[in-house]
Every structure is written in structure tokens, then in C-alpha cells.
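Residue numbers (UniProt numbering): 1 to 343.
Here is the structure we will look at.
Put into C-alpha cells, the structure is as follows:
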């Protein structure tokens, strides 16, 4: 899976905010593709005429606002998801490190999968709310806002409804991790050079490729999960789902029997097209946020450029660099020496 690269010159809070802000921005820009994908997975009438016609039908029935339904829930979910994912991942990796502090790539990917399941468990109700908000017609809403959606589902359908389909997140994590592993194990053959020589562009392509393969393998599980999240006997037309079922296995059976095996990959076109702009915006926005933080921390001379501040040891962490600055000020070198006149 594509991810932003850790930079030890940022504090933990700065890294978290950079990841969160870039995630919110990229999710918001690519929200129309996410809406089309989820509607295709659920099987609403908007997507009966194909990928491109879906945009026109949504616009005609709900206007531009229809393309950003559920985006707030998706963005709010990002922050606790990222926090839990990073914390869990670090703990699992620490447990599997050898005496030298190394961990195999397969174990690292497995740790990422387990961390993803833990993060999904905490934030899953927001994902259910996102699905319900996207599937409904915003001009004739059943739910108004995230809190109203969660409370209404809880009152009318019970707590378990907020976790309906969660088991598919666990099951889908295995083909997802396998897809990432298969791609990353063959990158040296693809580029004909070792991974440590990859350029930023190559790493970006690698991330998009891994995401594409992994999401394709896990897509059937997500399709069934979205149908389970959307279906409710208390909603008009049972939530707009194109098949009716009694549980996870029955949902798979009904989809294959009534719609064909390939319908398990409904929404894959929108999902695949979304990968490049999503990760492109994610990386670009993250780098912009990182530059601002590096400038504030004193590592670069301008937030608009990566030109390093003369005399600053880039291997020092933010707290260590701050201690050096305080030490120099105490020694009356605040306006002299290799650190420049800013300090």
C-alpha cells in the first residue's frame, strides 16, 4: 500500500497532522469517485447504465452536493483510524523485531494488516454512517448528519447494525496484504535494480501498483460489506441494495446467483481510476505540509523550497535541535556561528 515516508525531523504530532490533512484533502477531491464506487457496490439505480452515466444520473437526481455525501464521515474517520493504526503497527512490529531491530517484509505487511483491522474496529461505525449517507438521496434524506445517522441506526437497528459486515474487513485483509506482498516482492525485477535505489517517482508508481493489485483482490469482500452496511428493513427499498439477503454467506450467494460473479467487482473502475489522483494528492499535500513543519523546526530556509539551513545537522531530531539552539543562545551565540542569524 502506498504510504508517506517517515521523516525523523518532524515531531510525532507534526507527522500525524501532515498525514491527517493530506488524507482529508485527497479524500475530499476524489469524493465523487468514491460515491460512484460505493453506489456501484451497493447496486443502486444510479449505476445501472455504466460508469460514466453514473455521474450524470447522480447530478440530475441530487445535484453537485450528491458527490460529497458521506465525505465528512470519511474524513473524521481518518484521524482516529490513523492514530490507532500507527500505534498498533508500532507495537506489533516491535514484538516481531529480531535482536538487531530488523523485521521481514512479510511480517511488516502482516503487522500492517492486523493494525488495519484494529483501526477499522474502532472506526467502523463511521464507515457504516458513510455508506448510509452516500446511498440515500440527499434531497429526500433519511439521515441528517453523522450524529443523527449513528443514533438512528443504534435506536432502530441496535448496536450490532453499526458493525454489520465487519467480519469481511478481517477476511479481506488477507488478500489485500497478499496483493501488497506479491507486488513488493517483485519490484526489483520490474525496475531491474534494488529497492534502495528507487526514485520518488518509482516509489509512487510502486505504491499505486500495490494498491491497485491489493484492492482488486479484496474488492469482492468490500462489495459484500457495503451491501451489508446499506441494507435495512427500516429503509425505503431496503436501503437500495440490488439483492436481498440474510447474512454474509447468503449475500455472496445471492449476488453470484442473480448478478453473476463479475458483479462482485462492481465499482472497480471508479476505484482504479481513483488510485492515481488520490495518492498523487496525498503525497503532494503531505510534502507541502512537511516543508512548512521543517521550516518551523529550522531544517530548511523556506517553506517553499527544500534548501537546507546552513550548518544545521539534519540527523538531529526536533527536540535535539531545540536543545542545541538553547545551548547556543545561552552561550551568546544566538546571532553568530554556523546556525545563522535567525536564532
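A virtual CB, placed ideally from N, CA and C, is assigned to each residue, including glycine.
Note that the structure is predicted; figures quoted are calculated from it, not measured.
| Item | Value |
| --- | --- |
| Could you pull out every unbroken beta strand (DSSP E) segment of at least 3 residues lying fully inside the UniProt repeat "Solcar" (198 to 292), listed in chain order? | none |
| For residue 224, which residues from the same chain have a beta carbon less than 8 angstroms from its beta carbon, with the 5 sequence-adjacent residues on both sides left out? | 165, 168, 248, 251, 252, 255, 264 |
| Grab me the residues of residue 24's own chain with a C-beta within less than 7 angstroms of its C-beta, minus the 5 sequence neighbours each way, in chain order. | 75, 78 |
| One question on the structure: do residue 69 and residue 138 come within less than 7 angstroms of each other, judged by their Cβ atoms? | yes |
| What is the C-beta distance between residue 8 and residue 207, in whole angstroms, given that I count them as a contact (C-beta under 8 angstroms)? | In fact, because the Cβ distance is near 21 angstroms, the residues do not count as touching under 8 angstroms. |
| Are three or more beta carbon pairs between the stretch 21 to 37 and the stretch 284 to 302 nearer than 8 angstroms? | yes |
| Figure out for me which residue from 43, 196, 65 has the closest Cα to the Cα of residue 28. | 65 |
| Specify the secondary structure class of residue 10 as computed by DSSP and reduced to three states. | coil |
| To which residues of the same chain is residue 279 closer than 8 angstroms at the C-beta, ignoring the five residues directly before and after it? | 2, 26, 204, 207, 208, 211 |
| Please name the residue, chosen from 305, 221, 81, that lies closest to residue 118 on a Cα-to-Cα basis. | 81 |
| Helix, strand or coil for residue 304? Go by DSSP, reduced to three states. | coil |
| Hey, residue 50 and residue 85 are a contact pair by Cβ (cut 8 angstroms); roughly how many whole angstroms apart? | Incorrect: roughly 35 angstroms between the Cβ atoms, too far for contact. |
| Just mark residue 98 as buried or exposed, buried being the case when its beta carbon has 16 or more other beta carbons within 10 Å. | exposed |
| What do you reckon, are the CB atoms on residue 146 and residue 230 nearer than 7 angstroms? | no |
| With distances taken Cα to Cα, identify the nearest neighbour of residue 33 among 307, 321, 275. | 275 |
| Would you check if the distance between the CB atom of residue 226 and the CB atom of residue 131 is smaller than 7 angstroms? | yes |
| Given residue 301, which residues of its chain have a CB within under 7 angstroms of its CB, disregarding the five upstream and five downstream residues? | 307, 309 |
| Please go through the same chain and pick out, in chain order, the residues whose beta-carbon is closer than 8 angstroms to the beta-carbon of residue 285, but skip the five residues on each side of it. | 21, 22, 25, 26 |
| Around the Cβ of residue 261, are there at least 16 other Cβ atoms within 10 angstroms (buried) or fewer (exposed)? | exposed |
| Starting from the N-terminal side, write out each stretch of the beta strand (DSSP E) that is 3 residues or longer and does not extend beyond the stretch 134 to 199. | none |
| Taking DSSP as the reference, what is the three-state secondary structure of residue 316? | coil |
| Can you grab the Cα-Cα spacing for the pair residue 152 / residue 143, in whole Å? | 8 angstroms |
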